[in-house]
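**Q** There's a structure below that I have some questions on.
Numbering (my numbering), first residue to last: 672 to 759.
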């Protein structure tokens, strides 16, 4: 149950960042790649260090936690740009 919650919380910044990329960046494909590449790497490192069971649900939750953590700063910056574009 906890692993499912971690995965869902980690996917929110991923979804939000990639949703806003096409609206607020000049080169969206490059930005997508620059977010996904390090996200996969950091998620893999987190899953590797989840020594309990890297291939099981703990490793998967650790992977998505790392993947989401990489996307969080991008999601925040793009949210600020989105708010400014809307006049807030």
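Positions of the beta carbon are idealized from the N, C-alpha and C atoms, including for glycine. Note that the coordinates shown come from a computational prediction; the quantities given were computed from them, not determined experimentally.
Distance, Cα to Cα, residue 679 vs residue 705?
**A** As a first step, residue 679 is located in the chain shown; it is residue number 8 there, counting from the start. As a first step, residue 705 is located in the chain shown; it is residue number 34 there, counting from the start. Rounded to whole angstroms, residue 679 to residue 705 spans 22 Å at the Cα level.
**Q** Would you mind reading off the limits of the alpha helix (DSSP H) that contains residue 715?
**A** Your numbering for residue 715 matches position 44 in the chain shown. Secondary structure note for residue 715: its alpha helix (DSSP H) is the uninterrupted segment 699-720.
**Q** Pull up the distance between the alpha-carbon of residue 686 and that of residue 735, whole angstroms please.
**A** Numbered from its first residue, the chain shown carries residue 686 at position 15. Numbered from its first residue, the chain shown carries residue 735 at position 64. One C-alpha to the other measures close to 12 Å.
**Q** Quick one, are the C-beta atoms of residue 737 and residue 717 less than 9 Å apart?
**A** Along the chain shown, one-based indexing puts residue 737 at 66. Along the chain shown, one-based indexing puts residue 717 at 46. Taking 9 Å as the Cβ cut-off, residue 737 and residue 717 qualify as a contacting pair.
**Q** Given this structure, state the Cα-to-Cα distance separating residue 729 from residue 741, to the nearest angstrom.
**A** Numbered from 1 along the chain shown, position 58 holds the residue referred to as residue 729. Numbered from 1 along the chain shown, position 70 holds the residue referred to as residue 741. Each residue's Cα considered, the two are about 19 Å apart.
**Q** Can you look up residue 742 in the DSSP assignment and give me helix, strand or coil?
**A** Mapped onto the chain shown, residue 742 falls at position 71. The three-state secondary structure of residue 742, taken from DSSP, is helix.
**Q** Where does residue 672 sit, in a helix, a strand or coil, going by DSSP?
**A** Residue mapping note: residue 672 aligns to position 1 of the chain shown, counting from 1. The answer is coil: DSSP assigns residue 672 none of H, G, I, E or B.
**Q** Please report the Cβ distance between residue 739 and residue 684, rounded to the nearest whole angstrom; I am assuming they are in contact, meaning their Cβ atoms lie under 8 Å.
**A** Along the chain shown, read from residue 1 onward, the residue named residue 739 stands at position 68. Along the chain shown, read from residue 1 onward, the residue named residue 684 stands at position 13. Residue 739 to residue 684, Cβ: 5 Å. Contact.
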